[in-house]
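Chains as they are written, first to last, in my numbering: chain A, 1204 to 1286; chain B, 174 to 400.
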């Protein structure tokens, strides 16, 4: 069994109003050495196989977990012992 | 003419859409739940606004995989009219029936106001009752209407006259102030503003009614030719 960790981020060219707002709030906390704040999503799930089909994970990421028009994804897998 | 209003869990403009057709347009209309698998017998399909599946994951993303969407895709591929308003537009984008995606509004606020729109393309089956460049008043109500697409897509949309409505003012950060687009074949329209909320003087504007009248006029024309 593996745990799959998926990271969804906005594509580099896509403006991120949320990230801008957070950066602004940090400024209000007198933190001024932070720039380039971007907001993304983190998802995790388990798959039964020890070596799951990478193609299936990528298909899931492209068709549902992310929107390829505005988002990029990356993922990592980690073997876990079912409890 | 018979309209279908698709109802997803979390749709909340379905009744307004129903009312616009039944009372405003005076045509036949039925609610079709998301678990249905066929749209046989309908002449036009309307995807209403709301918060389908609580806007989980991304607006419209879960709904785009519901059972009825296969039938909606078939219906669209036959060249029949499909209109998605607000969340309905987001569902059409997620389903790949229209190009692009929606981001949070630039100001990160939910915008709820009557908005001036320019009719950019009055030659579609949804806009034939409007004049070129006409300014109409239609309400918007959304938090994610910030239209985004890559530069190639944007160029194609403009070149093919697929931009149907444009905001007069940049209200949400949409590229080229895009408020509504059609697909290449012109039978699928997605728009963030709510024409179904502008079909009666009591609602403050009747400018939305002509959109539905356009669909009807076009259908009658086609029907007359084929029979």
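Heads up, the beta-carbon is just placed ideally off N, CA and C, and yes, glycines get one too.
Check                                                                                                                                                                                                : Outcome
Going by Cα to Cα distance, which pick from B/387, B/360, B/337 is closest to residue 349 of chain B?                                                                                                : B/337
Alpha carbon to alpha carbon, how far is residue 375 of chain B from residue 385 of chain B?                                                                                                         : 18 Å
Does the beta-carbon distance from residue 288 of chain B to residue 387 of chain B come in below 9 Å?                                                                                               : no
In chain order, what are the residue ranges of uninterrupted beta strand (DSSP E) at least 3 long that sit wholly in the region 266 to 292 of chain B?                                               : 274 to 276, 284 to 292
Per DSSP, what are the beta-bridge partners of residue 308 of chain B in this structure?                                                                                                             : B/291
Measure from the alpha carbon of residue 217 of chain B to the alpha carbon of each residue in B/204, B/279, B/334, B/307, then state which is nearest.                                              : B/204
Along chain B, in chain order, which residues have C-beta atoms closer than 8 Å to that of residue 1267 of chain A?                                                                                  : 230, 234, 238
Beta-carbon within less than 8 Å of residue 1241 of chain A's beta-carbon, same chain only, minus the 5 sequence neighbours each way: which residues are those?                                      : 1212, 1213, 1219, 1222
With distances taken between CB atoms, is the gap from residue 362 of chain B to residue 355 of chain B smaller than 9 Å?                                                                            : yes
Name the chain A residues whose beta carbon is nearer than 7 Å to that of residue 277 of chain B?                                                                                                    : 1220, 1221
Since residue 274 of chain B contacts residue 265 of chain B with CB under 8 Å, what's their CB separation in whole angstroms?                                                                       : At roughly 11 Å, the Cβ-Cβ gap does not stay under 8 Å, so residue 274 of chain B and residue 265 of chain B are not in contact.
According to the neighbour-count rule (16 or more other Cβ atoms, all chains shown, within 10 Å of its Cβ), is residue 319 of chain B buried or exposed?                                             : buried
Considering only their Cβ atoms, is the gap separating residue 1246 of chain A from residue 1268 of chain A smaller than 9 Å?                                                                        : yes
Kindly list the residues whose CB is nearer than 7 Å to the CB of residue 1260 of chain A, restricted to its own chain and excluding five residues on each side of it in sequence; keep chain order. : 1207, 1278
Along the chain, where does the alpha helix (DSSP H) that runs through residue 1220 of chain A open and close?                                                                                       : 1220 to 1231
If contacts are defined as beta-carbon pairs under 8 Å, then residue 313 of chain B and residue 366 of chain B qualify, I think. What distance do you get, rounded to the angstrom?                  : 5 Å
Quick one: Cα of residue 381 of chain B to Cα of residue 1209 of chain A, how far?                                                                                                                   : 42 Å
Measuring CB to CB, does residue 345 of chain B end up less than 9 Å from residue 280 of chain B?                                                                                                    : yes
Quick check: the Cα distance between residue 1253 of chain A and residue 1205 of chain A, rounded to an integer number of angstroms?                                                                 : 6 Å
Determine which residues share a DSSP beta bridge with residue 373 of chain B and list them.                                                                                                         : B/378
Excluding the five sequence neighbours on either side, which residues of its own chain have a C-beta within less than 7 Å of the C-beta of residue 333 of chain B, listed in chain order?            : 357
Can you tell me whether residue 389 of chain B is helix, strand or coil according to DSSP?                                                                                                           : helix
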